Every structure is written in structure tokens, then in C-alpha cells.
Amino acid sequence: MYSKGLKPLAVATVASLAAAMALVFFYAPLDADQGFVQKIFYVHVPLAIVALGGFVAGGVMAVRHLRSGDPSWDVRSYVAIHLSIILGVGVLATGSIWAKASWGHWWLWDEPVLVSFLVVFLLYCVYYPLRFSIEDPERQARYSSVFAITAGAFVPLNFAAVRLAQEFTHPRVLDQTGGSLPGEMRLTFLVSLLAMALLFVTLWKLELTAKHAAMQLKKLRRRLDARVAA
Amino acid sequence: MIVAARAILRKDLLIELRTKESVPAMTLFTLTVYVLFHFGLDRDSLDGELASGVLWVTLLLAAVIGVSRLFAAEREQGGIEGLLLAPVDRTALFVAKAASLFVMLVMVELVALPAFGLLLLGPGLGGALPELVAILALANLGVAAVGALVAALAAETRARELIVPLLLLPLLVPLLIACAQASEPFLRQDQGPEDLGRWLGLLTLYDVVFVLLSVAVFDYLLED
Numbered sequence: 116m117y118s119k120g121l122k123p124l125a126v127a128t129v130a131s132l133a134a135a136m137a138l139v140f141f142y143a144p145l146d147a148d149q150g151f152v153q154k155i156f157y158v159h160v161p162l163a164i165v166a167l168g169g170f171v172a173g174g175v176m177a178v179r180h181l182r183s184g185d186p187s188w189d190v191r192s193y194v195a196i197h198l199s200i201i202l203g204v205g206v207l208a209t210g211s212i213w214a215k216a217s218w219g220h221w222w223l224w225d226e227p228v229l230v231s232f233l234v235v236f237l238l239y240c241v242y243y244p245l246r247f248s249i250e251d252p253e254r255q256a257r258y259s260s261v262f263a264i265t266a267g268a269f270v271p272l273n274f275a276a277v278r279l280a281q282e283f284t285h286p287r288v289l290d291q292t293g294g295s296l297p298g299e300m301r302l303t304f305l306v307s308l309l310a311m312a313l314l315f316v317t318l319w320k321l322e323l324t325a326k327h328a329a330m331q332l333k334k335l336r337r338r339l340d341a342r343v344a345a
Numbered sequence: 013m014i015v016a017a018r019a020i021l022r023k024d025l026l027i028e029l030r031t032k033e034s035v036p037a038m039t040l041f042t043l044t045v046y047v048l049f050h051f052g053l054d055r056d057s058l059d060g061e062l063a064s065g066v067l068w069v070t071l072l073l074a075a076v077i078g079v080s081r082l083f084a085a086e087r088e089q090g091g092i093e094g095l096l097l098a099p100v101d102r103t104a105l106f107v108a109k110a111a112s113l114f115v116m117l118v119m120v121e122l123v124a125l126p127a128f129g130l131l132l133l134g135p136g137l138g139g140a141l142p143e144l145v146a147i148l149a150l151a152n153l154g155v156a157a158v159g160a161l162v163a164a165l166a167a168e169t170r171a172r173e174l175i176v177p178l179l180l181l182p183l184l185v186p187l188l189i190a191c192a193q194a195s196e197p198f199l200r201q202d203q204g205p206e207d208l209g210r211w212l213g214l215l216t217l218y219d220v221v222f223v224l225l226s227v228a229v230f231d232y233l234l235e236d
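In the order they appear, the protein sequences are chains A and B. What the first sequence shows, in our numbering, is residues 116 to 345, in sequence order. What the second sequence shows, in our numbering, is residues 13 to 236, in sequence order.
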């Protein structure tokens, strides 16, 4: 049921990833003051946007689960959050590398996006201990959904708060990275973002398919055992 | 709903009054943390940003204790079944639990704030008390809403003691930012320019978001 359209999606992902890499290395101009290092931007920022989008999407799916009581929405939400956490590790690692290369420090507390992301990441890491310390499957799904909704709403609030705290001393820090990109850089960035989003959806579908197959297999095994026993 | 909430709140406060478990423990904890900060920072008196940070981190850590004990009586004595069987709205339960947490926080702060002024604060508390009380009231409301939600989320898990601080503290980061920034000018030697309106606005936004969110999702917790 989840594997529908997985193959063309995978092909599109590979194509757009290849196109993004080609654009990054052969088309996008070198940044005037950061040079080659700035190319990590095309990995780091799409990664961060997709991860945050995944967190929020996990919250939306959790709402659908609580509304409908259909446990498959909980699985969808779980897989989205799970993948976003994995991407989150990538965001923090690439962000740290970029900070070291361009500012000379592995970590900068006055970079609001990085700091907010760390807080969000730390919060979402609690999803695993929370989810897996509840045994009853129905209750596990319900509590995980409540967490996903709360944390999903927390994401924008936290970004606003951290941004406010920084603005106090560093006004308009975001404009340097996101606001005014020249055309070639913007195209490369958009293709990278698309590729990353497609990668996320492909992995999400793949993981759901695998989970679904494992569940079906377990069900069939149980039926076989029952039959043998009879 | 209000009747039910008031009844649960009364029960909680009565239990707290009789057993004297959470509030004295939280108060004692804040004093201990002040001593720790004194030695950890090696400072006899603090002011400005440092004072604000120490005060708020201490209060929020004390709140963690209160939150992890919030459903303790129900859990240990099995009262939770009684509450769940009673034909009352879950929202009433949330309101009661948040209110009892709010009251506990106020009681802790009644000791912790003067103690902070006495033990660590350089400039003295007198001049800015109304502003600090306003910040504390908004902060307590936010902590109460988030705390009741987190306590209910963690109540059914195996690793409760682990989940509560891990879940609560990141959720409180925006609140900590607003509170620490808002109260910082009032804890300075020479009270500098303040930006109270913006931080109180952020605190209010935080409170509104989490009160509404908690009311919305609380129905799905503590079911069965």
C-alpha cells in the first residue's frame, strides 16, 4: 500500500540529486568572501529545511491520527520524525563544519538558526525514550501523537524566541545567508532543496513499506503457527 | 467543569499540606542550587545577566521536581482510576493539575526569591519588585501549563523520572529566554534600559500557545 509510485519517485530523487550536485560544483559561482566552503550551504540549508518540515509534517500526521484513530497515521508520523532526527544530525554536523570553516569556531551561540535547531533536536530526541517506554501499542500511538503535536507547535515558537534573543545584539543576521541570493545560486539552491525533499519522501515511503511488510510477515507467521498448532 | 477542577485542586493542595512533600523539597532544592552556584561561579554576589540566569535556571530546575511529583499521589495510591472513572472532563483535570502546580511554584518562590536577594544578589530586590512579580506570574502560568502536559505525558511511561526533565527543559527554553532577558535590567546595579514589553509579549504568547495546546491534546492522555 505504501510502495505505490516508489520506483518513479526513486528515479526522480536520483536524477534531481545528481542535477543538484552538478549545479553545485559546475554552475553555481564561488562565493566572494567565503570561497569554496560556501558550497556546503547547498547541503546544509536544504537539509535543515527538510528536517524542520519533516518535524512539522509529523505533527500534522499525528493530528490526523488522533482525529481518525487510524494507527497507520501514527506510523507515518513516527517515520517522518525518525527520518527528520537523522537529517538533524546531518544539519548539526554540516552547520558546525561550515561555522568552523567560515567563522573559525565549531559552534557559535549567536547564530540563532543553529541554536534553535539544537533545542528542537534535543527535544525530538526524547521522542524515542517516550515512545518505547510505553508498552501498550494503542497507548503508545496516542502518547507519541500528543508529543508530536506539542513538539510540532513548539518548533516555530522556539525559533521566534531564539531569534528575538539574538536580535537584541545581532540585528538582521539571517539576511546575510537567506535574503538576497544571486540568480545562479538561487537556482542551485532550489534544485538542492527539491532533491533533498524528494530524498526525504522516498526514504519515508521506503521505510513505511518495510515496516508494513514486516508487520504483514509477522501476521502471516502467527497464522501459520496457529494452523500448525491446530 | 469548574466544580470538578476545584475539587481536584482542593484534594491536591490538601495532600500537599498534609504530607509536605513537594514544596519543601523544591524550596530546599533552590537553596542548595544557590549554594552550588556560589561555589561553582566562585562569586559572593551576582548582578545583571548572571543573576538573572542563575535565578531562572534555579527556579526552572526546581519546577522539574514539582512536575515529576505532580501525578505521584494518583500513581502510588492508585487514585488515578478513581479520577478517570469519575464523569468529569479531562480539561477539568488539566486545569486542576496546572493550578496546583502554579500554587506550588508561588509557594516556592515566596521563599526562593527573598533567599536569592539575601544570599546572592548584589543590588537588592526592593526597587523592581512589581515588575519581577509580573514576570514571575506569567512564567508560572507557562510552566504550569507545560508542566501539567509533560507530567501527564510521562505518567504512563516506564522511565518517568528520565522523561520529565528531558521533555520539560527543552520545552521551557523560550520561556527561559524571555524571563531571563526580561528580569535582567532589574537585577543590575545601575538599572539600565529595559525592554520589558517585548519579553512580556513573548511570555504571553508562550502561555497562550501552551495553554490552548494542552487543553486541546489533554483529552487524549490518561484515557482508558
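Yeah, the Cβ is synthetic: ideal placement off N, Cα and C, and Gly gets one too. Since this is a predicted model, take the numbers as computed values, not measurements.
CB contact below 8 Å: residue i versus chain A
i                 : result
alanine 111(B)    : no
isoleucine 189(B) : yes
glutamate 235(B)  : yes
proline 182(B)    : yes
leucine 105(B)    : no
valine 185(B)     : yes
tyrosine 46(B)    : no
arginine 306(B)   : Nothing in the structure corresponds to residue 306(B), since chain B is present only between 13 and 236.
valine 145(B)     : no
leucine 102(B)    : Per the sequence shown, residue 102(B) should be read as arginine rather than leucine. It does not: the Cβ of arginine 102(B) has no partner Cβ on chain A nearer than 8 Å.
arginine 200(B)   : no
valine 221(B)     : yes
leucine 67(B)     : no
Chain B contact for residue i (CB, 8 Å cutoff)
i                    : result
threonine 265(A)     : yes
isoleucine 249(A)    : yes
alanine 268(A)       : yes
leucine 207(A)       : no
tyrosine 243(A)      : no
alanine 130(A)       : no
phenylalanine 262(A) : yes
valine 175(A)        : no
valine 204(A)        : no
Classification of residue i by the beta-carbon crowding that lies within 10 angstroms, buried from 16 upward
i                    : result
tryptophan 224(A)    : exposed
proline 286(A)       : Here the model assigns proline 286(A) a pLDDT of 42, short of 50, so the residue's position is not dependable, and the following value carries that caveat. Answer is exposed; the Cβ neighbour count stays below 16.
glycine 173(A)       : buried
serine 183(A)        : exposed
phenylalanine 348(A) : The structure shown does not extend to residue 348(A), since chain A is modelled only from 116 to 345, so the question has no answer here.
phenylalanine 247(A) : exposed
aspartate 290(A)     : Legend: pLDDT at aspartate 290(A) = 47, less than 50; position of this residue unreliable, value from coordinates given subsequently. Under this definition aspartate 290(A) is an exposed residue.
aspartate 340(A)     : exposed
Same chain, Cβ closer than 7 Å to residue i, five either side skipped, listed in chain order
i                : result
glutamate 238(B) : Since the displayed chain B opens at 13 and closes at 236, residue 238(B) lies outside it and no answer follows.
valine 206(A)    : His159, Leu162, Ala163, Ala166 and Phe232
Cβ-based neighbour list, residue i, same chain, cut-off 8 Å, excluding 5 preceding and 5 following
i               : result
valine 306(A)   : Ser131, Ala134, Ala135 and Leu138
tyrosine 239(A) : Phe170, Ile196, Ser199, Ile200, Gly203 and Ala266
Residue i: CB within 7 Å of a non-hydrogen atom of the ligand MN
i              : result
leucine 238(A) : In the structure on display, the ligand MN does not appear, and there are no ligands present to speak of.
Cβ shell of residue i (< 6 Å), same chain only, five flanking positions each side left out
i                   : result
valine 158(A)       : Thr209
phenylalanine 49(B) : Val66
alanine 312(A)      : Val165
Partners in chain C for residue i, counting only beta-carbon separations shorter than 7 Å
i             : result
valine 229(B) : This model lacks chain C altogether, as its protein chains are A and B.
Is the stretch 191-199 of chain A touching the stretch 253-265 of chain A in the sense that three or more CB pairs, one from each, lie closer than 8 Å?
-> yes
Name, going along the chain, the residues of the stretch 166-179 of chain B whose beta-carbon falls closer than 7 Å to a beta-carbon of chain A.
-> Answer in chain order: Glu168, Thr169, Arg170, Ala171, Leu174, Ile175, Leu178 and Leu179.
Is there contact here, the stretch 53-66 of chain B with the stretch 122-136 of chain B, by at least three beta-carbon pairs under 8 Å?
-> yes
Touching or not, the stretch 146-162 of chain B and the stretch 197-215 of chain B, by the rule of three or more beta carbon pairs under 8 Å?
-> The stretch 146-162 of chain B, when compared against the stretch 197-215 of chain B, does touch it at the 8 Å Cβ threshold.
Do the stretch 149-157 of chain A and the stretch 210-220 of chain A meet, that is, are 3 or more Cβ pairs less than 8 Å apart?
-> yes
Answer yes if the stretch 272-279 of chain A comes into contact with the stretch 181-194 of chain B, meaning at least three C-beta pairs across the two stretches below 8 Å, and no otherwise.
-> yes
Between the stretch 72-88 of chain B and the stretch 155-172 of chain B, do at least 3 Cβ pairs fall closer than 8 Å?
-> yes
Is the stretch 330-337 of chain A touching the stretch 118-132 of chain A in the sense that three or more CB pairs, one from each, lie closer than 8 Å?
-> no
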